[in-house]
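Read the structure below first, then the notes.
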Amino acid sequence: MKKNWMTLAVAFAVFSGSSSAAGASNLAQEKKQEQIEQLVSVEQVLTHVHACSATLTLRSQALTAQQEQQTCQMLSQIEQRFHQTFGTLGHPVAHDGNTSLRANIYATHADFKRYATAHFDMPTDNGGMYLEGLPDLAGNQAEFVANQKPDGSIHNLAHEYVHYLDGRFNLYGDFCAGLHDSHSPPENCPRPAPLAPYLVWWTEGVAEYLSKGADNPPAVAAAAQPKYALSALFDTGYESNNGVARIYTWGYLAVRYMMEKQRSKVEQMLRFTRNGDYPRYQALVKTWGTSMDADFNAWLAELATHGTSSTSAMAR
Ligand SMILES: [Zn+2]
């Protein structure tokens, strides 16, 4: 699929080259330059390759040795926290061959916007993406794509690494097999989307929860002004019932509450998601109904008052 994309890009560049010879406007020149940049391969741009461990490789444009080492260390801590939190014993879900993640890091956001679509067939109107691919296919490579921030750190890396771990150890199947309403590239999951409840609150919330721990001031501030019932958050989607705060901040709050106050219900739901039994997950969430809404509100109030909940196991 990526190969076809490159072939198309070559054809387009050649065509545009001959037409711009007639009246070379600046715009045509710029476009030509853009197309040439898109033809530079990922190996030519991301030339620094560093293996952190058997489960993680960094491929970057400009990470220094010290940044590579710090990044490996930080992600190794997240990985340990994930396995401890969920007691995975290192056992992935069935048919998941994503034994390792490759993190692809452009030097700047401008580089990310310039190259990521051509290199990974993905949109760049975001802060980085985790591309799970088709984990049941041999030779599939799970990829994370993002860029360094001006201070050198990597945008969203910890969050995206949790997506990789959650996808491998908690959720059976590829991105399209899960419960959400996204049809965007590169997966282009088929329409129609399944009906709510979805798993967006969980996937985005657990990525926030395990990457930030108890250290999430915007979420504590949001808890002081509750906007959503817990039962409504289970319906959060990407294209409807959405928004940055609802997906990430409120996803974090929903997951943190469920992990710290309703752990047995989480285990029950994960038994279904690990087996790909998404209809039974949905049935389970429907039986929960509004039964936890009042307790969630009480927990939010406590979090807003004390800045942390008394049951927090996630201090860092
Ligand atoms: Zn995410």
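Going by this note's numbering, the letters in the sequence shown line up with residues 35 to 350, in that order. Built from N, CA and C at the ideal position, the CB exists for glycine as well.
Beta carbon of residue i nearer than 8 Å to that of residue j
{"i": "L90", "j": "E102", "result": "no"}
{"i": "I112", "j": "Y243", "result": "no"}
{"i": "Y140", "j": "Q100", "result": "no"}
{"i": "G271", "j": "H214", "result": "yes"}
{"i": "G131", "j": "E166", "result": "no"}
{"i": "N333", "j": "K295", "result": "Here the sequence assigns Trp to residue 333, which means Asn is not the residue at that position. Yes, they are a contact pair."}
{"i": "G207", "j": "G124", "result": "no"}
{"i": "P219", "j": "P157", "result": "yes"}
For residue i, the nearest candidate out of the options (CA to CA)
{"i": "V179", "options": "M163, R225 and Y198", "result": "M163"}
{"i": "P260", "options": "E301, E273, D327 and H197", "result": "D327"}
{"i": "R136", "options": "Q107, C86 and Q182", "result": "C86"}
{"i": "G285", "options": "V240, T324 and S245", "result": "V240"}
{"i": "H82", "options": "L97, V127 and V74", "result": "L97"}
{"i": "Y312", "options": "F146, P224 and L229", "result": "L229"}
{"i": "W322", "options": "F116, H125 and P231", "result": "P231"}
{"i": "L205", "options": "D185, T283, Q104 and E238", "result": "E238"}
{"i": "C106", "options": "S187, D208 and A279", "result": "S187"}
{"i": "E221", "options": "T283, A176, P252 and V74", "result": "A176"}
Neighbourhood of residue i by C-beta distance below 6 Å, restricted to the same chain and skipping five residues each side
{"i": "Y315", "result": "M303, F306 and T307"}
{"i": "L233", "result": "G212 and L213"}
{"i": "A335", "result": "none"}
{"i": "K299", "result": "none"}
{"i": "G341", "result": "V254"}
{"i": "T122", "result": "F203"}
Same chain, Cβ closer than 7 Å to residue i, neighbours up to 5 away in sequence not counted
{"i": "A338", "result": "V254, A257 and A258"}
Cβ shell of residue i (< 8 Å), same chain only, five flanking positions each side left out
{"i": "S274", "result": "D215"}
Assumed close pair residue i, residue j - CB separation to whole angstroms, cut-off 8 Å
{"i": "F330", "j": "F203", "result": "Their Cβ separation, rounded to whole angstroms, is 26 Å, which puts F330 and F203 out of contact at 8 Å."}
{"i": "N190", "j": "G161", "result": "5 Å"}
{"i": "H129", "j": "N181", "result": "With a Cβ gap of about 32 Å, H129 and N181 do not count as contacting."}
{"i": "A288", "j": "L264", "result": "6 Å"}
{"i": "S134", "j": "A88", "result": "6 Å"}
Min CB distance residue i to chain D below 8 Å
{"i": "V278", "result": "The structure shown contains no chain D; it holds only a single protein chain."}
Checklist entry - Can you list, in chain order, every residue whose CB sits closer than 6 Å to a heavy atom of ligand 1? => result H193, H197, E238 and A241
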